[in-house]
Amino acid sequence: MEAVRSQKKPAVADDVVPTLPLYRTAPALEVRLEDFELYAIDRLRVLKGISDGLSRGKKPDEMEKLANELWKLHMRHPNASEVVNKDIISHFVLRLVYCRTEELRKWFLSMETSLFRYRFRFQTPEAQRALMAEFHLLYKTVSNAEYENVKDKLSQVARSIGQSLSSADAIFYKVPFEEVPDLVATRRVFIQKGQAFVAMNQVVSLVVTQFRTLLSKALALTNRKWTSMIREQEKDRLTPLIESLSSSYLGPDYSQPREFTEISLKDIDQVAKSSFPLCMRHLFEKLREDHHLKNGGRMQLGLFLKGVGLKLDDALAFWKAEFSRKVGAERFDKEYAYGIRHNYGKEGKRTDYTPYSCQKIISSVPGVGDHHGCPYRHFSEENLRAALGKMGVSNRALEDVLEKVRNKHYQLACTLTFEAVHGTSCDAGINHPNQYFIDSKKILESSNNANST
């Protein structure tokens, strides 16, 4: 690779150390098990925030700002000297988590590459050049005559993208055009004889390509180690943690009612119609229609109702009233009442069970006759159209929702549904059915208060 510049040769000072790790090798550090998990969860919050931003179509400058804010919020450490260790450790933990399937690898590779791109842009020019040297993207000075020969062309490209060549020491790199496909596709570089002239402020494309290749190979290698050795060796300690992290819910705990702490049996049908997300509304309607739900549906809906404030006595009365019409009151008391009390922590281990998050619901696989799971994932397009129309989603909004569904952005599809039904934005996104309910009730109560004044 060659560099083309106007006057002086850029240099990487010997004492400039890249502040952005390339994660070539796992650190030789002892990590407490609790830090192992917490660091990974903090990084996962950053990656999922980036994923949500990209899914919502945020512009590049908005994404850079978002990534920077997410990093500062979640990747800080009380001990400043541990920030870099947290960065490296969290990456390698998630590499282990996301190496296990092709779908997981694809998502992690895309999000980590995006994060690397945004972080690279915040580096100083000296640190950026040091990173290029780390990737062995070396260059040598070419004659001033070559620069002068293409200067007019470079100026034309710069002007077309709102930049200029006013700097006396503007630096360009001459690289094979196939190494910067994104710049070529958007006509942000001048190409001559198969070589693209890349400005210093565009070298992120060069470095990101190298990083993506490095990480892709590393994920494949990690997968082989995981399947052949690590999974079995760590089956009693790390394996359960690794296998659960990719579907972890990262939001608030809804095991106890938080706001709008009671729903009464007399109001439950109206509340279901106005403030239940589609997954719970579907289960509720099927229960009313069939007077029965299989175990997966009972768990998903039952824990949701517990989280939104349905008391145990009311829950028993609610389920018994429906099931008795199908199986009789005596059979309900013998076979089903125990499970409801168990969900409320009144039987068995007396565990306070938590309502299911969107991630858990999306990952479930309903069988024949089941009605649980995520409608955005499991409904046919025809059934989804009908269900959304019943919720009052307009045709225009419906098409936006279906587009997200086709791209497998199920939570974003639910978010767009929420926005369409309530006529307001939801920048935080929907991550939990109980969050949907609480935010809906807030909006409706605020609207009612405004109308009454």
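For the sequence shown, full-length UniProt numbering gives the first residue as 1, with consecutive numbering after it. By construction, the Cβ of each residue, glycine as well, lies at the ideal position given by its N, Cα and C atoms. These numbers come from a predicted model, not from an experiment.
- Task: Report the rounded CA-to-CA distance for Asp-152 versus Phe-190, giving the unit in angstroms.
- Result: Those two C-alpha atoms are separated by around 10 Å.
- Message: Which residue marks the beginning of the alpha helix (DSSP H) containing Phe-323, and which one marks its end?
- Response: Membership of Phe-323 in the alpha helix (DSSP H) is indicated by the continuous run 312-327.
- Under three-state DSSP, which class holds Pro-176? Three-state result, Pro-176: strand.
- Rounded straight-line distance, which links the Cα of Arg-341 to that of Lys-273: Just so you know, the alpha carbons of Lys-273 and Arg-341 end up roughly 26 Å apart.
- Whole-angstrom Cβ separation of Lys-326 and His-291, contact assumed at under 8 Å? Contact flag correct, Cβ pair sits at about 4 Å.
- From Leu-316 to Ser-81, what distance separates their C-alpha atoms? Pairing Leu-316 with Ser-81, the inter-Cα distance amounts to about 54 Å.
- Task: Let me know the secondary structure DSSP gives Ala-168 once reduced to three states.
- Result: No answer about Ala-168 holds up, because its pLDDT of 43 lies below 50 and its placement is not dependable.
- Report yes or no: do three or more beta-carbon pairs, one from the stretch 334-354 and one from the stretch 215-229, lie closer than 8 Å? Here the stretch 334-354 does not lie against the stretch 215-229, with fewer than 3 beta-carbon pairs under 8 Å apart.
- Message: For residue 498 and Leu-412, I'd like the C-alpha separation in whole angstroms.
- Response: In the structure displayed, the chain extends from 1 to 453; residue 498 sits before or after that span and is not available.
- Query: Among all the DSSP beta bridges, which residues are the ones paired with Phe-190?
  - Reply: Phe-190 is bridged by DSSP to Phe-197.
- Query: In chain order, what residues of the same chain have a beta carbon less than 7 Å from the beta carbon of His-409, not counting five sequence neighbours either side?
  - Reply: Sequence-distant partners of His-409 (beyond 5 residues in either direction) whose C-beta falls short of 7 Å from its own C-beta, in its chain, are Ser-55.
- Message: Using 8 Å for Cβ pairs, my map puts Ser-364 next to Gly-307. What's the rounded Cβ distance?
- Response: About 17 Å; that fails the 8 Å criterion.
- Query: Where does Met-63 sit, in a helix, a strand or coil, going by DSSP?
  - Reply: Assigned with DSSP and collapsed to three states, Met-63 falls in helix.
- Among the residues of its own chain, which have a CB less than 7 Å from the CB of His-372, if the five just before and after it don't count? The residues are Leu-283, Gly-296, Gly-297, Gln-300, Ser-364 and Pro-366.
- Reference Thr-101; option with closest CA among Ser-155, Ile-242, Leu-38 and Pro-60: For the options Ser-155, Ile-242, Leu-38 and Pro-60, the alpha carbon positioned closest to that of Thr-101 is the one of Ile-242.
- Query: Cβ atoms of Met-391 and Val-368: under 7 Å apart, would you say?
  - Reply: Their beta carbons are not under 7 Å apart, which means Val-368 does not touch Met-391 by this criterion.
- Under three-state DSSP, which class holds Phe-418? Collapsing the DSSP output to three states places Phe-418 in a helix.
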